[in-house]
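Under the numbering used here, the residue at position 125 of the sequence shown is numbered 871, and the numbers go up by one with no gaps.
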Amino acid sequence: MADIRLEGVGHSYDGGQTWALKPTTWTWRGSRAYALLGPSGCGKTTLLNIISGLLTPTVGRIFFDDRDVTDVPTAGRNIAQVFQFPVLYEEMSVYDNLAFPLRNRKFPKAEIDRRVRQVSELLGLDPVLRRRSRRLDPGRQQIVSLGRGLVRSQVAAVLLDEPLTVVDPALKWTLRSKLKEIHRDTGHTLVYVTHDQTEALTFADEVVVLNDGAIVQTGEPAELFLSPAHEFVGHFIGSPGMNMLPAEVVGDVVRVGPAEVGQVTGDLPAGAVRIGVRPEFVRITGEPTSPGVAAQVTGVDRMGAYDLVHARVGEHPIIAKTEAGSPHRPDTAAFLHFPAERTFLFRDQVRCGSLAPLNGRSPR
Ligand SMILES: Nc1ncnc2c1ncn2[C@@H]1O[C@H](COP(=O)(O)OP(=O)(O)O)[C@@H](O)[C@H]1O
Ligand SMILES: [Mg+2]
């Protein structure tokens, strides 16, 4: 399976006034399963269509291994693409729809039959194989669409553009684990587009986070959770997302209001920053701690498995995820501690530093 390399690839739909995809350099490694994750309108489909050749980028070159395919039409790229909504021949049977991509490429009849039956069994389509696709519900139609994308075993890559949007939620889990299974068997290079973090995190070897036409971070799910490189990743991944609080670098110390919360690692010019810490790592107590930040509890959501304690530092909201049955009550004082190894500093949304414990002062 090919490495797919983008070199300075960008796209503008309006003659260069705005970038739907900002010029990007990035390689999709052969045989890996990627999730391309980002909110609606951030450029996911644009990027996918550039890879498959449906769209010619405004700038940049695309390579499949060492072959420059920038000017090669879709048919010459050997890519399987599944779209968000079913794309089927409605008057054809499910079998013929699945067979179509193979017949088109003149596969031997026996081979076609073998592949169609394999995919049909895997996706649970056996009971409807002879039915006209028009007669299926939209969810089932989409599964047939998915099958059409998976039926060819020799492809440079499989691109899936939010393929489970119209599928019943209960079926999504099953289909996603089947996709993983298929990926393990075939070793396709796979790019799975989604705006749903759970889908991305459970599916992929590596997640590529796209925001506003730019890749803001790539990494394994745990890396994105534990070590966000951009505020957007902090917000978008995690539930609830990362807390952000205004803070200030004074010398080598970081302050939130009057409270010192840690020491800056490395050289960071003095001035305003934002500190980011996930609700999972905020420690909250009723007693003053040092170092600690005074806060006011505003409410507690009892979620069953855990509590979400909502508080305010000055006028800034912050959430701590605690064990169920936390003793905190609204309108009471609390003290927050931010563990240095889980707290990051951001400037202009980009991570600019980390925190170290205050010299000689460990939390009590
Ligand atoms: N054919 C098009 N013509 C003009 N603008 C488009 C077209 N397709 C997408 N866009 C714009 O480009 C941006 C990225 O869109 P898209 O790639 O579809 O995002 P996503 O798939 O992440 O939702 C959006 O602002 C969208 O409005
Ligand atoms: Mg899209």
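For glycine and all other residues, C-beta sits at the position ideal for the given N, C-alpha and C. In this text the structure is predicted, and so the values were computed from the model without any measurement.
Short check: CB of residue i to CB of residue j, under 8 Å?
{"i": "residue 892", "j": "residue 873", "result": "no"}
{"i": "residue 903", "j": "residue 932", "result": "no"}
{"i": "residue 820", "j": "residue 799", "result": "yes"}
{"i": "residue 981", "j": "residue 963", "result": "no"}
{"i": "residue 901", "j": "residue 825", "result": "yes"}
{"i": "residue 1070", "j": "residue 946", "result": "no"}
{"i": "residue 1010", "j": "residue 998", "result": "yes"}
{"i": "residue 1056", "j": "residue 1045", "result": "yes"}
{"i": "residue 907", "j": "residue 791", "result": "yes"}
{"i": "residue 705", "j": "residue 1054", "result": "The shown model of the chain, from 747 to 1110, leaves out residue 705, and the question about it has no answer."}
{"i": "residue 1067", "j": "residue 1025", "result": "yes"}
{"i": "residue 953", "j": "residue 961", "result": "no"}
{"i": "residue 752", "j": "residue 806", "result": "yes"}
{"i": "residue 877", "j": "residue 840", "result": "yes"}
Thinking residue i and residue j are a contact (beta carbons under 8 Å), I'd like their distance in whole angstroms, please.
{"i": "residue 965", "j": "residue 990", "result": "The Cβ separation is near 20 Å, so there is no contact."}
{"i": "residue 956", "j": "residue 783", "result": "7 Å"}
{"i": "residue 1100", "j": "residue 1090", "result": "6 Å"}
{"i": "residue 1042", "j": "residue 1079", "result": "6 Å"}
{"i": "residue 890", "j": "residue 967", "result": "Going by Cβ atoms, the distance from residue 890 to residue 967 rounds to 30 Å, so no, they are not a contact pair."}
{"i": "residue 797", "j": "residue 905", "result": "6 Å"}
From residue i to residue j, what does the alpha carbon distance come to, in whole angstroms?
{"i": "residue 789", "j": "residue 758", "result": "10 Å"}
{"i": "residue 972", "j": "residue 941", "result": "20 Å"}
{"i": "residue 835", "j": "residue 879", "result": "7 Å"}
{"i": "residue 827", "j": "residue 1006", "result": "53 Å"}
{"i": "residue 863", "j": "residue 842", "result": "11 Å"}
{"i": "residue 882", "j": "residue 916", "result": "18 Å"}
{"i": "residue 754", "j": "residue 1092", "result": "26 Å"}
{"i": "residue 779", "j": "residue 914", "result": "23 Å"}
{"i": "residue 1108", "j": "residue 1037", "result": "Residue confidence is low: residue 1108 scores 47 on pLDDT, short of 50, so the model does not pin down where it sits. Its coordinate-derived value is still stated next. When rounded, the distance between both Cα atoms is 7 Å."}
{"i": "residue 1019", "j": "residue 1013", "result": "14 Å"}
{"i": "residue 1110", "j": "residue 986", "result": "Per-residue confidence for residue 1110 stands at a pLDDT of 43, beneath the threshold of 50, marking its modelled position as unreliable; no derived number is given."}
{"i": "residue 793", "j": "residue 815", "result": "15 Å"}
{"i": "residue 897", "j": "residue 848", "result": "8 Å"}
{"i": "residue 944", "j": "residue 921", "result": "14 Å"}
{"i": "residue 996", "j": "residue 1049", "result": "38 Å"}
{"i": "residue 775", "j": "residue 822", "result": "20 Å"}
{"i": "residue 993", "j": "residue 1027", "result": "18 Å"}
{"i": "residue 712", "j": "residue 795", "result": "The displayed coordinates of the chain run from 747 to 1110. Any statement about residue 712 would go beyond what the structure contains."}
{"i": "residue 918", "j": "residue 1095", "result": "34 Å"}
{"i": "residue 937", "j": "residue 787", "result": "18 Å"}
{"i": "residue 1077", "j": "residue 1051", "result": "23 Å"}
{"i": "residue 858", "j": "residue 899", "result": "11 Å"}
{"i": "residue 1000", "j": "residue 988", "result": "18 Å"}
{"i": "residue 773", "j": "residue 854", "result": "34 Å"}
{"i": "residue 852", "j": "residue 939", "result": "30 Å"}
{"i": "residue 762", "j": "residue 861", "result": "44 Å"}
Apart from the five residues on each side of it in sequence, which residues of its chain come closer than 7 Å, Cβ to Cβ, to residue i?
{"i": "residue 1060", "result": "1003"}
{"i": "residue 887", "result": "832, 834 and 879"}
{"i": "residue 929", "result": "779 and 936"}
{"i": "residue 1072", "result": "1046, 1053 and 1055"}
{"i": "residue 884", "result": "832 and 912"}
{"i": "residue 984", "result": "971 and 1024"}
{"i": "residue 948", "result": "922"}
Have a look at the DSSP bridge pairing and note the partners of residue i.
{"i": "residue 774", "result": "750"}
{"i": "residue 809", "result": "751 and 814"}
{"i": "residue 1081", "result": "1031 and 1040"}
{"i": "residue 952", "result": "780"}
{"i": "residue 965", "result": "953"}
{"i": "residue 993", "result": "1019"}
{"i": "residue 767", "result": "757"}
{"i": "residue 1097", "result": "1092"}
{"i": "residue 1009", "result": "999 and 1102"}
{"i": "residue 786", "result": "In the DSSP output, where bridge partners are listed per residue, residue 786 has none listed."}
{"i": "residue 827", "result": "905"}
{"i": "residue 938", "result": "781 and 906"}
{"i": "residue 855", "result": "The partner list for residue 855 (beta bridge, DSSP) is empty, contrary to what the question assumes."}
Does any C-beta atom of chain D lie closer than 8 Å to the C-beta of residue i?
{"i": "residue 760", "result": "Structure shown: chain D not included; a single protein chain is present."}
Can you list, in chain order, the residues of its chain with a C-beta nearer than 6 Å to that of residue i? Leave out the 5 residues immediately preceding and following it.
{"i": "residue 1097", "result": "975 and 1090"}
{"i": "residue 765", "result": "756, 758 and 959"}
{"i": "residue 811", "result": "748 and 749"}
{"i": "residue 869", "result": "889 and 893"}
{"i": "residue 830", "result": "907, 908 and 911"}
{"i": "residue 950", "result": "779, 780 and 781"}
{"i": "residue 785", "result": "941"}
Excluding the 5 residues flanking residue i on each side, which residues of the same chain have their C-beta closer than 8 Å to its C-beta?
{"i": "residue 846", "result": "835, 838 and 894"}
{"i": "residue 1081", "result": "1030, 1031, 1032, 1033, 1034, 1035, 1038, 1039, 1040 and 1041"}
{"i": "residue 865", "result": "844, 871, 893, 896 and 897"}
{"i": "residue 1015", "result": "995"}
{"i": "residue 1008", "result": "999, 1000, 1037, 1084, 1086, 1089, 1101, 1102, 1103 and 1104"}
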